[in-house]
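Single-structure report; data block below.
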C-alpha cells in the first residue's frame, strides 16, 4: 500500500511571519501563502489552516509532547527528546542568542530556521531538501512558545 500525503513538503526558502503584536502567522514561499497559523497562547495550542482548506491543530499531548492532528488523524509528534515521531526529524538550537536552529534527518541537516535579527515576528526557513510542512509547523510552535514564555517572564507574567 502506497503512503498517501496530502500535506506539502517545503523545499527552498520560505518565511513564517506575523504582524507586530499579532498571534496570527503566515507561511509564505515565493510570494504564495502556504498556510496561516494562529496561536492560542493561554491554551498553548496553534491552529494551522492550509491553502487547500484543511486544518491542523498543534497541542500538548502529555509532559514534553506536542502533537499535530488533522481531525482524528495524528500527523506527527514532537517529544522533548527532539525526535519528531514518525518522521525522525530533530530540531536543534545552534545559537539561542542569534536565534538559529537546524532540522536534521538522522545525522544530516536538511533545513535551517533563523529568527529575525531585530524582531521576534519572523522566522526564515531554508529547506535544502523537502521537509514535511508538519515538521516545519511543529518547529515553529516550539520556537514561538519559548519566545512567548520569555516575553511573559520579562513582563512579570508566567
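In the numbering used here, the protein residues as written are 5 to 162.
Even for Gly, the Cβ is constructed at its ideal location relative to N, Cα and C.
These figures come from a predicted structure and were not determined experimentally.
List the endpoints of the continuous beta strand (DSSP E) containing residue 60. 59–64
Kindly identify the DSSP beta-bridge partner or partners of residue 49. 44
Tell me which residue opens and which closes the beta strand (DSSP E) that residue 103 is part of. Counting along the chain, residue 103 falls outside any beta strand (DSSP E), and DSSP gives it neither H nor E.
Any idea if residue 112 is buried or exposed, counting beta-carbon neighbours within 10 angstroms, 16 or more meaning buried? exposed
Taking just the CA atoms, how far does residue 96 sit from residue 90? For residue 90, the predicted structure reports a pLDDT of 44, less than 50, and the residue's modelled location is therefore unreliable. The matter cannot be settled from this model.
Taking the beta carbon of residue 67 as the centre, do at least 16 other beta carbons fall within 10 Å, making it buried, or is it exposed? exposed
Could you check which residue in 64, 40 and 25 has the C-alpha nearest to that of residue 48? 64
Check whether residue 115 and residue 107 have beta carbons under 9 Å apart: yes
Identify which residue in 55, 38, 30 and 110 has its Cα closest to the Cα of residue 14. 38
Rounded to whole angstroms, what's the CA-CA distance from residue 29 to residue 41? Just pull it up for me. 5 Å
Return helix, strand or coil for residue 94, following the three-state DSSP convention. strand
Contacts around residue 118, its chain only, beta-carbon distance under 6 Å, and the 5 residues preceding and following it disregarded: 104 and 128
Is residue 55 helix, strand or coil by DSSP? coil
Check whether residue 20 and residue 146 have beta carbons under 9 Å apart: no
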